[in-house]
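Protein chains in written order, with my numbering: chain A, 1 to 299; chain B, 1001 to 1341.
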Ligand SMILES: Cc1cc2nc3c(=O)[nH]c(=O)nc-3n(C[C@H](O)[C@H](O)[C@H](O)COP(=O)(O)OP(=O)(O)OC[C@H]3O[C@@H](n4cnc5c(N)ncnc54)[C@H](O)[C@@H]3O)c2cc1C
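Here it is, written out as structure tokens:
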């Protein structure tokens, strides 16, 4: 059966490079202060979706909720082989916790229309919560398989996968449509294709198209419409959906739609308990080992 | 009439497999009981499974006043749809104040689904839970006796306190080993509330074909001595040195996430907020900077030896003994000294 697969991905700050200055006073993250990358497990989700399309036919649609700059990961998805991309973006979505995020993504999935499968990474490296996948499944009333390592078959409207469970594995089967969350499997995500990179680097959203023309003196609506048409024809159009276009309820998105609030952020004071400094010499290390043996800490 | 709303009880989701309760669930019963005492409410467990009646006694002994039991063939193994339905119905009926889940693959698949259905807040991987008041500035009101959900957040040395400002329950997940396990009170009794389960067509959507459980290869959790390596070890070959020291002193091998991410050592060995929490007699940290996430998993160790060539590394703040130097020179010296003891 040919499959329409939605992949939801997130652009995340590279957590290997975080400093205290990256936090804003309200407890949210100042993304601008960090390099932004494609969340690693979401790349695994995309790889899995592309493989399923290769063996079953169909198409792969990648969506992300984020600031305008998150189109970087959508272009990357196109370089890897995605057919269509969607940026879900609006100031009103800012400050969303996982509940508000899953509601917003569910609205985007509904707006997209019919699909057979949603694939997400298990978790994003900035928060490590693993919550959005199952919450999105619940919002869309879909069955879920989580911690998927490998899809073994898709047949007669059912998908079979190998999943991680506590202390082991499980082979499980789900009816479609369904939602999967994916951990890194044996197949590493493919790199961007060089040809596709040339082809899709000009892919853009409406906002990006308008920004491109912001300084030109012929602000001609027709010109924009023509360019949009041309971009669409070349599959270079990144859909951009706002709160209004998705018809989201304002009290369920962004900060307003988030039950969890950050009360405070504390920098951990590293006063230290005052350690004994052992010089790195044979003699001093020998003394330390003796001491530990005498105290029965080493035996 | 008093305008004060009656506070609901503290609930713990009990994860069990083939008649054995997961350690994290018992740890959370102990923690839940402390929270319940502070709030002057009861501690209640939610137990789903097939033929699990035999587990109730032990839950009472660990501190549960009541155990909700849904016992049905269909509930033998965790499955998101039926489990969510049973739990959501129970919550709507009894309105617990706090609901604790283990941050295991099961807990992390179930809790978000339940929270989504209930429109409740959920905080993952808390390392500390406390009751306190919360001033909700955006709505200009003070909320009393709320659950402070404390977790290391973004970036180096930051701890965030998160509060659920919507209706109860206040839901969190906690990793295994974070909350201490206390001894059960033998013979302690309690109530049991049976929960009716009726199968629904949606329960057939997911079918488990096969299950295999492997014994965990790392025995970190109960190790008395742990030797951990971090990114400073420099490579898979260098990690052999860490394993060597562990072997010589009869300890287990731990690691920081950076070393795990680099592929030098298996994830089973990761110590920290998203790994295992350990409390050995001796923890030797080699080439680990000591990020807040790492310290969250080892700060309770008896004695800590830190080996790092950067005298400013935060790991020294939790160390009893600090050796400032190159681990590739220091660790062989430790091995030699121990052999010559
Ligand atoms: C949500 C979240 C959850 C996380 N969970 C965890 C977790 O559970 N566990 C965890 O560990 N991390 C976790 N992290 C990652 C954490 O923030 C750090 O990135 C990580 O712990 C760093 O590992 P490290 O100390 O080995 O590496 P680094 O920070 O790179 O430190 C390497 C250290 O080695 C020293 N060094 C280098 N060469 C030598 C040498 N030759 N001899 C001696 N010393 C040397 C350096 O001075 C440095 O201090 C998490 C991060 C996030 C965002």
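Glycine included, each C-beta is placed from N, C-alpha and C at the ideal position.
In this text, all values refer to a predicted model and were calculated from it rather than measured experimentally.
Query: Environment of residue 294 (chain A) [buried if 16+ CB atoms lie within 10 Å]; Result: exposed
Query: Distance cut-off 7 Å: residue 1274 (chain B) Cβ against heavy atoms of ligand 1; Result: yes
Query: Closer than 8 Å to chain A by CB, residue 1320 (chain B); Result: yes
Query: Contacting residues, own chain, Cβ-Cβ under 6 Å from residue 1132 (chain B) (five flanking each side not counted); Result: 1148
Query: Contacting residues, own chain, Cβ-Cβ under 7 Å from residue 1038 (chain B) (five flanking each side not counted); Result: 1131
Query: Under 7 Å (Cβ pairs) to chain A, residues found in the segment 1162 to 1195 of chain B; Result: 1162, 1163, 1164, 1165, 1166
Query: Sequence-distant residues of the same chain with beta carbon closer than 8 Å to residue 1187 (chain B), five excluded per side; Result: 1061
Query: Proximity to residue 1317 (chain B) [Cα-Cα], best of B:1288, B:1273, B:1330; Result: B:1288
Query: Check: residue 1271 (chain B) C-beta below 7 Å from any heavy atom of ligand 1; Result: yes
Query: Closer than 8 Å to chain B by CB, residue 104 (chain A); Result: no
Query: Bridge-paired residues (DSSP) for residue 1282 (chain B); Result: B:1225, B:1303
Query: Option in B:1239, B:1297, B:1129 with minimal Cα separation from residue 1030 (chain B); Result: B:1129
Query: Check: residue 1232 (chain B) C-beta below 7 Å from any heavy atom of ligand 1; Result: yes
Query: Inter-stretch contact (C-beta, 8 Å, three-pair minimum) for the segment 245 to 257 of chain A and the segment 1263 to 1273 of chain B; Result: no
Query: Buried versus exposed call for residue 1269 (chain B) [16 or more other C-beta atoms within 10 Å across all chains shown]; Result: buried
Query: Validate contact between the segment 78 to 98 of chain A and the segment 53 to 63 of chain A using beta carbons, cut 8 Å, 3 pairs; Result: yes
Query: Alpha-carbon spacing of residue 297 (chain A) relative to residue 139 (chain A), whole angstroms; Result: 53 Å
Query: Cβ shell of residue 200 (chain A) (< 7 Å), same chain only, five flanking positions each side left out; Result: 75, 78, 79, 236
Query: Min CB distance residue 1208 (chain B) to chain A below 8 Å; Result: yes
Query: Distance cut-off 7 Å: residue 1289 (chain B) Cβ against heavy atoms of ligand 1; Result: yes
Query: Interface residues of the segment 243 to 267 of chain A facing chain B [CB-CB below 7 Å]; Result: 259, 260, 261, 262, 263, 264, 265, 266, 267
Query: Run of the alpha helix (DSSP H) containing residue 1079 (chain B), from where it starts to where it stops; Result: First-last for residue 1079 (chain B): undefined, no H or E at that position.
Query: Option nearest residue 66 (chain A) by Cα separation, candidates A:38, A:52, A:50; Result: A:38
Query: Residue-chain proximity (residue 1323 (chain B), chain A), Cβ-Cβ < 8 Å; Result: yes
Query: Residue 1297 (chain B) CB to nearest heavy atom of ligand 2 below 7 Å; Result: Ligand 2 is absent from the structure shown, which contains only ligand 1.
Query: Min CB distance residue 1158 (chain B) to chain A below 8 Å; Result: yes
Query: For residue 10 (chain A) and residue 1308 (chain B), the rounded distance between their alpha carbons; Result: 35 Å
Query: Pair within 8 Å by beta-carbon distance, residue 1286 (chain B) and residue 1219 (chain B); Result: no
Query: Those runs of the beta strand (DSSP E) which lie wholly inside the segment 232 to 267 of chain A and span at least 3 residues; Result: 239 to 241, 260 to 267
Query: Residue range of the unbroken beta strand (DSSP E) whose run includes residue 1064 (chain B); Result: From DSSP, residue 1064 (chain B) is part of no beta strand (DSSP E); its letter is neither H nor E.
Query: Beta-carbon gap between residue 117 (chain A) and residue 3 (chain A) smaller than 8 Å; Result: yes
Query: Outcome for residue 173 (chain A) when other beta-carbon atoms lying within 10 angstroms are tallied against a minimum of 16; Result: buried
Query: Proximal residues, the segment 126 to 144 of chain A versus chain B, C-beta separation under 9 Å; Result: 126, 127, 128, 129, 130, 131, 132, 133, 134, 135, 136, 137, 138, 139, 141, 142, 143, 144
Query: Residue span of the beta strand (DSSP E) that contains residue 168 (chain A), given as start and end; Result: 168 to 175
Query: Residue burial classification, residue 1144 (chain B) (beta-carbon count within 10 angstroms, cutoff 16); Result: exposed
Query: CB contact below 8 Å: residue 116 (chain A) versus chain B; Result: no
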